[in-house]
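Peer 1: In full-length UniProt numbering, the protein residues as written are 1 to 545.
Please read through the structure below; I'll follow up with questions.
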């Protein structure tokens, strides 16, 4: 009796469920449609001309002996070359690995030694930093390429490297859907960045997830206000979903509210992606100058909780269709707030409505991971760890099996984020396990205190960490960025003492006014850096009471 032989389909699937194949279909289907716009130079590439640029780079890399499986690290702002590299790497079977352009020389050296790229492409103004990184690193990439018109005496310019290269398609590879295509590095909220290897399945499902639940289509014109190098950039309004879909993406080199609004007006942007602080600045600028942003049909906020007051202003001033996403570099988007949730559910991280993930909140133990079915109560009070089972992540870290052992258990990824949830499944993030502060034996979660302090009209941002205390174990220290320099410590303490959500044991003992907080590219506060800083500040005697 004949039975279904799945091997034929498996073979076809494994060779063809490939991101770059979908891009090439779009080149055939939408040859003359605009794919990419460089907002700074007002230059446009159709899908056909974009493919020519990609082929020039792909053929240049092959000519210089870059092979399938080689790693191409690139440290760029949002410039067209970013998209060229992202696609060309995949055409030749190499691994594209974008990294943060704000990294120090030591951090760059660490990644070079970790990934051992054969090619390193960087923004020309970073030339001196890259030189220092190469002095520090054991691994030296064979090919160094700089992007931009600025003077750089290291390596070869991108334009020179791709000059007079063949525009035709490079020889097609035998692609494999399981092969690593993108390697991202974590944003570093807890320390050194970790490599996250994404295969074609992860890449495609990440794109499909965002396309489906944001309702994107090929007519959309997408602007990501944040850098492309991270998960919320490359896979949210960046090259990933935009070019997979056949839409148009706009490259804005660096963010400024004025520039962003001009771009939205000029290019009729339909969807933006950014962090809450960016949207605050957009709203302030729009109130002053009233750009024509009527084309905007959606805006997604990520990286931090979206508070109610900002959400209401976004709906009134930018677009009625506001989304808020919560996720991790490892698993992509896990929970979402959609327009019908807002503003009522603002401040929460939303609930799991994604297509390729399950989300739970489980109990927290000091010496082990909870079982996936050890759920906390859905009462919005009991705090637990957020865990995910997702097809958009790799369940691994590059070169770090010990990290995988800490985070992956029985098909679930343990995020380290602490949250409560309610009967409908809406999560409220309260802290990270590493950020929890223990005062007098009681667990204190910084986020609740930070959000309350940030309600003061003269406060822009706040981060709370612990400092050793002989009597109570730890004492709370609040680092505050003022929106209005007239804010005094006495005024702030009075506000906190009267705040209904800050009980006496949660009031900071010490205060420091700072110009800025250490942040990741996705707008997440780096508490671990403040935990290092607060010990020095305590010794220097600059903590105010």
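The beta carbon of each residue, even a glycine, is placed where N, CA and C say it ideally should be.
Please state whether the Cβ-Cβ distance between residue 387 and residue 254 is less than 8 Å.
Peer 2: Contact flag unset, no.
Peer 1: Just mark residue 148 as buried or exposed, buried being the case when its beta carbon has 16 or more other beta carbons within 10 Å.
Peer 2: Buried, because 16 or more other Cβ atoms sit within 10 Å of the Cβ of residue 148.
Peer 1: In terms of residue numbering, what span does the beta strand (DSSP E) encompassing residue 302 cover?
Peer 2: Taken as a continuous stretch (DSSP letters only), the beta strand (DSSP E) holding residue 302 covers 298-302.
Peer 1: Taking 7 Å as the cut-off, is the beta-carbon of residue 422 closer than that to any non-hydrogen atom of the ligand GTP?
Peer 2: Among the components of this structure there are no ligands whatsoever, and the ligand GTP is therefore not found.
Peer 1: Can you find the residues in the same chain that come closer than 8 Å, C-beta to C-beta, to residue 420, ignoring five residues on each side of it along the sequence?
Peer 2: Cβ neighbours of residue 420 beyond the five flanking positions: 361, 376, 379, 380, 381, 382, 383, 384, 427, 428, 430.
Peer 1: Would you tell me roughly how many angstroms separate the C-alpha atoms of residue 243 and residue 505, rounded to the nearest one?
Peer 2: Straight-line Cα distance between these residues: approximately 51 Å.
Peer 1: Per DSSP, which one or two residues make a beta bridge with residue 122?
Peer 2: The partner list for residue 122 (beta bridge, DSSP) reads 75, 146.
Peer 1: Enumerate, from N- to C-terminal direction, the unbroken alpha helix (DSSP H) stretches of 4 or more residues contained entirely within the stretch 7-56.
Peer 2: Qualifying alpha helix (DSSP H) stretches, in chain order: 7-16, 19-29.
Peer 1: Here's a check: name, in chain order, each residue in its chain whose Cβ is nearer than 7 Å to the Cβ of residue 169, leaving out the five neighbours to either side.
Peer 2: 55, listed in sequence order.
Peer 1: So, is residue 13 buried or exposed, given that buried needs 16 or more other C-beta atoms within 10 angstroms?
Peer 2: Burial call: exposed.
Peer 1: Rounded to the nearest angstrom, how far is the Cβ of residue 516 from that of residue 481, given a contact under 8 Å?
Peer 2: Between residue 481 and residue 516 the Cβ distance is about 6 Å, and since that is below 8 Å, they are a contact.
Peer 1: Need the endpoints of the alpha helix (DSSP H) that residue 311 sits in, please.
Peer 2: Element bounds for residue 311: 308-313.
Peer 1: State buried or exposed for residue 355, treating a residue as buried only when at least 16 other CB atoms are found within 10 Å of its CB.
Peer 2: Classification of residue 355: exposed, given that the 10 Å Cβ count is below 16.
Peer 1: By Cβ distance below 7 Å, which residues in the same chain neighbour residue 448 in space, the five residues on each side in sequence not counted?
Peer 2: Cβ within range, chain order: 430, 501.
Peer 1: Given a threshold of 16 other Cβ atoms within 10 Å of its Cβ, counted over all protein chains shown, does residue 289 qualify as buried or as exposed?
Peer 2: Residue 289 should be labelled exposed.
Peer 1: Just to confirm my understanding: we take residue 64, look at its own chain, exclude 5 residues before and 5 after, and list those with CB closer than 7 Å. What are they?
Peer 2: If we look at residue 64 and ignore the five residues flanking it on each side, its Cβ neighbours are 143.
Peer 1: Tell me which same chain residues have a C-beta within less than 7 Å of the C-beta of residue 197, skipping the five on either side of it?
Peer 2: Cβ neighbours of residue 197 beyond the five flanking positions: 180, 183, 394, 396, 398.
Peer 1: At which residues does the beta strand (DSSP E) containing residue 202 begin and terminate?
Peer 2: No beta strand (DSSP E) contains residue 202, which is instead part of the alpha helix (DSSP H) from 200-214.
Peer 1: Roughly how many whole angstroms lie between the Cα atoms of residue 314 and residue 155?
Peer 2: Taking the straight line from one Cα to the other gives about 45 Å.
Peer 1: Curious, which full-length alpha helix (DSSP H) runs of at least 4 residues does the UniProt domain "AMP-binding enzyme C-terminal" (448-524) contain?
Peer 2: Entirely contained in the UniProt domain "AMP-binding enzyme C-terminal" (448-524), the alpha helix (DSSP H) runs reaching 4 residues are, in chain order, 489-498.
Peer 1: Taking three-plus beta-carbon pairs below 8 Å as touching, is the stretch 128-144 in contact with the stretch 24-32?
Peer 2: Because the criterion of three Cβ pairs below 8 Å is not met, the stretch 128-144 and the stretch 24-32 do not touch.
Peer 1: Which residues does DSSP list as the beta-bridge partners of residue 528?
Peer 2: In DSSP, residue 528 forms no bridge with anything.
Peer 1: Pick helix, strand or coil for residue 534, following the three-state DSSP scheme.
Peer 2: The answer is helix: DSSP assigns residue 534 an H, G or I state.
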